[in-house]
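Residue numbers (our numbering): 229 to 383. Accompanying notes for the structure given below.
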């Protein structure tokens, strides 16, 4: 234990449930014992991401808006650290098909932090380089703030 301005402090990482008891020596050299206290370890679950406003498949015609408003809800039991949109554009057909992947940040919020976040992005299909006949696939990749290695999930 180390002493600070508020009292004493100890730090330890637990991977399983445990019990602890404090024992201290009084000024008259007698020992005193606290009750036993339980430490419960709660497993950190992977984040959850859901796309709120889009169907799984969308077919657009030339008359449709070429900007897609993407809204997603992100949640984690202990807290989020980052989230991105991973977009894959496919061009061509048959054996000449080409794929290009792009990592895209959300417009709002600028930084993904907290236990629950509603994030949004306007996907501009022209800026992504889509032309008639091309296809866009995307998923949301989310990490929590677990250390040393974060939990990861994707839609």
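The C-beta atom is built at its ideal place from N, Cα and C for all residues, glycine as well. As the structure is a computational prediction, the values presented were derived from the model and not from experiment.
Are the beta-carbon atoms belonging to residue i and residue j less than 8 angstroms from one another?
{"i": "residue 282", "j": "residue 294", "result": "no"}
{"i": "residue 340", "j": "residue 277", "result": "no"}
{"i": "residue 378", "j": "residue 309", "result": "yes"}
{"i": "residue 312", "j": "residue 333", "result": "yes"}
{"i": "residue 342", "j": "residue 320", "result": "no"}
{"i": "residue 274", "j": "residue 381", "result": "yes"}
{"i": "residue 259", "j": "residue 251", "result": "yes"}
{"i": "residue 338", "j": "residue 303", "result": "no"}
Quick check on DSSP: helix, strand or coil for residue i?
{"i": "residue 323", "result": "helix"}
{"i": "residue 232", "result": "strand"}
{"i": "residue 344", "result": "strand"}
{"i": "residue 291", "result": "coil"}
{"i": "residue 309", "result": "strand"}
{"i": "residue 274", "result": "coil"}
{"i": "residue 333", "result": "coil"}
{"i": "residue 300", "result": "strand"}
Tell me the DSSP bridge mates of residue i?
{"i": "residue 366", "result": "315"}
{"i": "residue 352", "result": "295"}
{"i": "residue 381", "result": "370"}
{"i": "residue 265", "result": "248"}
{"i": "residue 253", "result": "259"}
Keeping to the same chain, check which residues put their C-beta closer than 7 angstroms to that of residue i; ignore five residues upstream and five downstream.
{"i": "residue 269", "result": "242, 243, 244, 245"}
Could you spell out where the beta strand (DSSP E) holding residue i opens and where it closes?
{"i": "residue 241", "result": "Here residue 241 belongs to no beta strand (DSSP E), and DSSP marks it neither H nor E."}
{"i": "residue 247", "result": "246 to 248"}
{"i": "residue 260", "result": "259 to 261"}
If I measure Cβ to Cβ from residue i and keep anything under 6 angstroms in the same chain, skipping five residues before and after, which residues do I get?
{"i": "residue 346", "result": "301"}
{"i": "residue 296", "result": "351"}
{"i": "residue 374", "result": "272"}
{"i": "residue 354", "result": "294"}
Here's a check: name, in chain order, each residue in its chain whose Cβ is nearer than 8 angstroms to the Cβ of residue i, leaving out the five neighbours to either side.
{"i": "residue 249", "result": "261, 262, 263, 264, 265"}
{"i": "residue 356", "result": "315, 317, 330, 364"}
{"i": "residue 325", "result": "318, 319"}
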